[in-house]
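Each residue of the sequence shown is one higher than the one before, counting from -7 in this note's numbering. No residue lacks a Cβ here, since even glycine has one placed at the ideal position from N, Cα and C. Remember, it's a predicted structure, so these values are computed and weren't measured experimentally. The structure appears below as structure tokens.
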Amino acid sequence: MSRTILIVEDDPDVVRVARAYLEREGYAVLVESDGDAGLRQARATRPDLVVLDWMLPNASGLDVLRRLRADGDTPVLMLTARTEEADRVLGLELGADDYLTKPFSPRELVARVGAVLRRTAASAATAEVVRHGLLEVDGDARIARVEGRDVDLTTLEFDLLWAFAAAPGRVFRRDELIERVWGGAYDGNDRVVDVHVSNLRQKLADAGGTDLIRTVRGVGYALR
-7 MSRTILIVED DPDVVRVARA YLEREGYAVL VESDGDAGLR QARATRPDLV
43 VLDWMLPNAS GLDVLRRLRA DGDTPVLMLT ARTEEADRVL GLELGADDYL
93 TKPFSPRELV ARVGAVLRRT AASAATAEVV RHGLLEVDGD ARIARVEGRD
143 VDLTTLEFDL LWAFAAAPGR VFRRDELIER VWGGAYDGND RVVDVHVSNL
193 RQKLADAGGT DLIRTVRGVG YALR
């Protein structure tokens, strides 16, 4: 069965090229041109991945992303014409799995989509429960708990936590985490790792798991 990609983008030229390249790779492609319609389509069809533009009519891409994250963990790849790092980081902090800055290569779009879907599929195949002190990570159900309380994580946040939990105490370099979580096709800035680790750390702390992830200066991150 082909994977379904929902493109939410109001630029017809971007849609035309992105759709053609994705369909050429065998994906089924749905298209919406404004934020509200995109959100309704995502909720109705549950696509395997959403390609979401930052600037949209009716509801911005960030508004749509917030609502999608409230609904679940459907992978989201953001498209943005904004070049400032703070803007890209904001999207990642809200739960985007990846981003591309316009103008972009359609081949890179296809590669990024494929990398996110492969990572998601590989994570879904994991069937194991790991426990460390207050923390429990269920790879089969993709649920993390601190002192028995569920922690609401995005797909990427869970994958990062699973990497840490499977090797407690091991210090992971950023490039190792990119390889394990994003896949070898990812060639973006490793700042994305810092953002997602920060989000994960905060959510664990909010659930009672303060200081579960430590930063090793100049090297990377580890589960205590």
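Judged by pairs of C-beta atoms under 8 angstroms, the stretch 35 to 51 touches the stretch -6 to 13, as three or more such pairs exist. Using a Cβ-Cβ distance cut-off of 8 angstroms, the stretch 84 to 104 and the stretch 53 to 72 are in contact, since at least three pairs of beta carbons, one from each stretch, lie closer than that value. Within the stretch 98 to 137, the complete alpha helix (DSSP H) segments of 4 residues or longer fall at 98 to 116, listed in chain order. Counting along the chain, aspartate 45 sits inside the beta strand (DSSP E) bounded by residues 41 to 45. Cβ contact annotation for glycine 201 (same chain, cutoff 7 angstroms, sequence separation greater than five): Leu126, Leu127 and Val138, in chain order.
Phenylalanine 164 has Tyr213 as its beta-bridge partners, per DSSP. DSSP, read as helix, strand or coil, puts arginine 59 in helix. When secondary structure is reduced to three states using DSSP, aspartate 90 falls in the strand class. Between tryptophan 174 and alanine 107 a beta carbon distance of about 6 angstroms is seen, short of the 8 angstroms cut, so the two are scored as contacting. Closest by C-alpha distance to aspartate 198, out of Arg141, Arg166 and His188, is Arg141. Contact between valine 102 and leucine 44 fails: their C-beta atoms lie close to 16 angstroms from each other, not under 8 angstroms. Selection Val56, Tyr13 and Gly18 evaluated against alanine 34 yields Val56 as nearest (Cα-Cα). Cβ atoms of valine 143 and glycine 131 stay farther apart than 8 angstroms, at about 14 angstroms. Beyond the five residues adjoining it in sequence on each side, lysine 195 comes within less than 6 angstroms, by CB distance, of Val143 in the same chain, given in chain order. From the listed residues Ala133, Ala20 and Gly30, the smallest Cα separation to methionine 47 is found for Gly30. Taking the Cα positions, threonine 207 is about 42 angstroms away from arginine 16.
In this structure, phenylalanine 164 lies near tyrosine 213, with their beta-carbon atoms less than 8 angstroms apart.
Closest in alpha carbon position to arginine 166, among Leu92, Leu204, Gly210 and Thr146, is Gly210. DSSP places threonine -4 within a strand segment (E or B) once states are collapsed to three.
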